[in-house]
Amino acid sequence: MSITNLIVHEIQKHEGERKAILIARPNENPIDGQAEALSEQVTNLFNRSGMTTGRFSNPEGSEEGSQLPALLAKHFKDDAFEDFEGFSKNCAAEYLKYLEPVEEAQGGLLWFNHYELHDTHFLYIVMLKRKQGIGLGADLSLSQVEQIEMEKLHMALRINLNAWRAGDEGRYIAFRFGRAPKPESEYFTQFIGCDEPKVAAKETRKLVDLTSAFCQSEGISSKQANEFKKVVSEHCQSKAEEREPLEIKQIANEVESRFSVEQANKFLEIAESDSFQMEKEIFVEKAALKKLTRLSGSSRALTLSFNSDLLGESIVFNADTGTLTISDLPKSLLKQLQAL
């Protein structure tokens, strides 16, 4: 990886406040050993599993909505940024517009990195956070110091600039949200101008519902249904980790191998029906897969969650009375009950 441009700006904003201040660096950061080490750490964190991909809703940019595509079109030409400092400052100013209305959000360090890898140009935009650490002075005295938190990424995106400029129909933007709360991840995607993370979650939930609807329509036994749902979940998890799309046909092939050709065709028929209208391929959001293998529910006084393959085994449901009978209780719960 060859770094071409690198610059960091600071955004000051406290949780519970709407006012944000941009402290812009006047020129690009030097590309030295420390910059390369930081870039490598960010890349390693970014390439972990759980990534979401997408593309600009409006690749050419527009007067309304995200200005990022338009800023790229203005500044990135002939595989180079004409004014990377100006581009990054304009982006940071736009970022503030989406950040300020979100009271829960905090500021941080907005890190811009343009680099080249295998003749392909990429742009990172990453929100880094500071943390307090302990430093040791030359006289061996201890003192508190501020450090960049590198154990995890807060929010980050990577754009394949070559694919975007070529009008590629594929997903040339990759996202990571780390542990950012929902309001923050939403304003970040608005700043980028891409709603694919919402689409991925929606399509994954549709696949979960489709799987259940198919099992119910075909009268598949609880044991077989749970086994099938587990296989679907494993397929989805694998694709999410590889950051590749899942083809609905792959699930139909699994239906054919486990049941029959007719039922595989039935699965595809339900997928294409007005009730689901599934895309031929989807990107998976891991969090939306939980309902495939777990059953859960809660009221003000009770919360219950368990693996679906326990149903019919250590957990028995009586549809007539609407009751669950649970055996083989967790030891910790059993001790609490015995102590009453």
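UniProt numbering numbers the first residue of the sequence shown as 1 and each following residue consecutively. Idealized CB from N, CA, C, for every residue including glycine.
Nearest C-alpha to I21 among K335, L123, E10: E10.
If you draw a straight line from the Cα of E169 to the Cα of S57, it is about 11 angstroms long.
Around the beta carbon of K229, a 10 Å sphere encloses 16 or more other beta carbons of the protein chains shown; the residue is thus reported as buried. Looking only at L311, A225, S273, the smallest Cα-Cα distance to S296 is reached by L311. Around the Cβ of V284, a 10 Å sphere holds 16 or more other Cβ atoms; the residue is buried. The segment 38 to 48 makes contact with the segment 152 to 168, as at least three CB pairs between them are under 8 angstroms. Its chain contains C215 as the residues whose beta carbon lies nearer than 7 angstroms to that of A225, once the 5 sequence neighbours on both sides are disregarded; these appear in chain order. In the three-state scheme derived from DSSP, where H, G and I count as helix and E and B as strand, F76 is classed as strand. For Y95, the secondary structure class from DSSP, reduced to helix, strand or coil, is helix. Here V316 is exposed: its Cβ has fewer than 16 other Cβ atoms, across all protein chains shown, within 10 Å. Approximately 37 angstroms separates the beta-carbon atoms of K286 and A339; this is outside 8 angstroms, ruling out the contact. Within the same chain, Q263, A264, F267 come within 7 angstroms of V255 by CB-CB distance, once the 5 residues on both sides are set aside. Distance from the Cα of L246 is smallest, within the candidate group Q237, Q277, E281, for E281.
The residue among D79, E279, T303, L142 with its C-alpha nearest the C-alpha of G133 is L142. Pairing S327 with S305, the inter-Cα distance amounts to about 14 angstroms. Under the DSSP assignment, E10 falls in the beta strand (DSSP E) whose first and last residues are 2 to 12. Secondary structure note for S257: its alpha helix (DSSP H) is the uninterrupted segment 248 to 258. In the structure shown, F177 falls within a coil segment according to DSSP collapsed to helix, strand and coil.
Here the C-alpha atom of A163 lies approximately 30 angstroms from the C-alpha atom of E272.
In the structure shown, N27 falls within a coil segment according to DSSP collapsed to helix, strand and coil.
Taking all protein chains shown into account, A93 has fewer than 16 neighbouring C-beta atoms within 10 Å of its C-beta and is therefore exposed. Residue pairing from DSSP places Q144 in a beta bridge opposite I134.
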